[in-house]
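First residue of the sequence shown: 1, per the UniProt record's numbering; consecutive thereafter.
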Amino acid sequence: KKEKEIIREVLSNADVVLSTNIGAADPLVRRIGCFDLVIIDEAGQAIEPSCWIPILQGKRCILAGDQRQLAPVVLSREAMQGGLAMSLLERASSLHNELLTTKLTTQYRMHDSIASWASNEMYDGFLKSSPSVASHLLADYPFIKETWITRCAFLLLDTRMPYGSLNIDCEEHLDPAGTGSFYNNGEADVVSQHVLNLVQCGVSPTAIAVQSPYIAQVQLLRDRLEDYPEASGVEVSTIDSFQGREADAVVISMVRSNTLGAVGFLGDNRRMNVAITRARRHVALVCDSSTICNNAFLARLLRHIRQHGQVRHVEPGSFGGDSGLGYTPPALPSIS
């Protein structure tokens, strides 16, 4: 009882109260009374009913988020058909000829070669880069060794064999645990080696984020990186769980590699937008381009990297040198 009284006193005297949408339903929060302003961050990922819990406790409301990033997670097909998959942010932004919407068009996070892809692909060309970040690279840090990797903002590590053949060491596999998820041993090796190359160049492990859309690959990557003490501190997560966050260097394992050209939900442009725009100074995309390019959206991504970044052909165990100089430029047909 005394603890609740202390919490109530702290909350009643606070200028700002932080909570989740559901947490705003706590009686201790509700007893505070009406708030002058309610701000819901990452509103594009919240289901609408959860947003109304805090909204109804305030005089005004600001929904902050990006409807071009991940939508609310809705597992029920019936609920999805009923409109629950559309966030309140997305619905409100379409009302009254967008008079309720203010668009933020300058980004202060990432190198322009990364941001320009997102701008052209997701934001109709309106997203611009602040001069303070437009050209920043890993190599600009005084404690990081200058190599072609640390001077590269957008990198494609392509597991496809020269001239387009499928690399059998980098084929996808279905999780035997029956989760329906996929994993790729060869890509896990490539990702691990690239992470080690970054660390050897002086990049702090805590400044590196490794992402994959598949939970089976996330677990494999965690297990693989645990074998390297020097990589301790590297965060490995699904793309979905990393929304709203950022890192100096991001490595993405796409996993899918098959003769059918099947990409699954890799073709979800919102998910890929989140994955790539987490990076500030360096993003490395590890994939089999012969599979990925069968999707038009992903083919445009690969083409952008070829035009504005660098492409290297890689094989598991083929890396050499303390800064990854064993990568070889690929002999690949053009991606159209």
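Ideal placement from N, C-alpha and C gives every residue a C-beta, glycine not left out.
With 16 other CB atoms within 10 Å as the buried threshold, where does residue i fall?
i    : result
P213 : buried
R160 : buried
Y108 : exposed
N295 : buried
L95  : exposed
R91  : exposed
P333 : With a pLDDT of 41 at P333, under the threshold of 50, the modelled position of this residue cannot be trusted, and the question is left open.
A331 : Summary for A331: the model assigns pLDDT 42, below 50, so the residue's position carries little reliability; its value from the coordinates is reported in the next sentence. The residue in question, A331, is exposed, as its Cβ has fewer than 16 Cβ neighbours within 10 Å.
N21  : buried
S116 : buried
G44  : buried
G309 : buried
I7   : exposed
Among the options, which has the Cα closest to the Cα of residue i?
i    : options                   : result
P205 : R306, E230, C152 and G44  : E230
T179 : G186, N197 and Q219       : Q219
L84  : H96, L95, A71 and S94     : A71
P316 : Y183, D169 and T238       : D169
V286 : Q217, A247 and Q69        : Q217
N273 : R280, V10, C51 and Q69    : Q69
S181 : I6, A209, Q81 and T238    : T238
L196 : S241, T150, D158 and A177 : T150
V133 : T259, R281 and A209       : R281
F242 : V255, G261, R256 and R271 : R271
E3   : L28, N13 and N21          : L28
D268 : V236, L298, L11 and R256  : L298
L301 : M80, C34 and S113         : S113
L63  : V263, E78, A46 and A188   : A46
R312 : L137, D158, V255 and G264 : D158
D248 : A43, E235 and D288        : E235
D240 : S12, R77 and V73          : V73
D288 : L260, I7, I53 and V255    : V255
L88  : G264, S50 and E78         : S50
G58  : A25, M86 and Q81          : A25
A207 : C293, L137 and T147       : L137
Q200 : V250, K145 and Q211       : K145
Going straight from the alpha carbon of residue i to that of residue j, what length do you get?
i    : j    : result
D15  : I32  : 11 Å
G202 : E172 : 32 Å
I335 : A284 : At I335, the pLDDT of 45 sits below 50, so the modelled position is not reliable and the matter cannot be decided from this model.
R30  : I40  : 16 Å
D175 : Q307 : 35 Å
V17  : G23  : 11 Å
G320 : H194 : Unreliable positioning characterises G320 in this predicted model, as indicated by a pLDDT of 49, which lies under 50. A coordinate reading is not provided.
V314 : N185 : 14 Å
L99  : L75  : 32 Å
H111 : G65  : 21 Å
E253 : R303 : Checking the displayed sequence, the identity of residue 253 turns out to be Ser instead of Glu. Answer to the nearest angstrom: the Cα atoms are 18 Å apart.
I55  : S192 : 44 Å
S232 : I215 : 20 Å
A275 : K1   : 45 Å
P131 : S119 : 16 Å
L266 : T277 : 15 Å
L198 : N97  : 47 Å
T291 : L37  : 48 Å
D322 : V190 : The pLDDT assigned to D322 is 41, lower than 50, so where the model puts this residue is not dependable, and the model offers no usable value.
L155 : Q67  : 27 Å
A79  : C61  : 26 Å
Within 8 Å, do at least three Cβ pairs link the segment 123-141 to the segment 97-113?
yes
Counting pairs of beta carbons, one from the segment 141-148 and one from the segment 222-241, are three or more of them closer than 8 Å?
Fewer than three pairs of CB atoms, one per stretch, sit closer than 8 Å, so the segment 141-148 makes no contact with the segment 222-241.
Counting only runs of 4+ residues fully inside the segment 91-145, write out the alpha helix (DSSP H) ranges in chain order.
Runs of the alpha helix (DSSP H) spanning 4 or more residues and lying entirely within the segment 91-145 occur at 112-122, in chain order.
Return the chain-ordered ranges of every alpha helix (DSSP H) run that is complete within the segment 181-236 and spans a minimum of 4 residues.
185-200 and 215-225
With a floor of 3 residues, list each beta strand (DSSP E) that falls wholly inside the UniProt domain "DNA2/NAM7 helicase helicase" (2-77), ordered by position along the chain.
With a minimum length of 3 residues, the continuous beta strand (DSSP E) runs that stay inside the UniProt domain "DNA2/NAM7 helicase helicase" (2-77) are 35-40 and 58-63.
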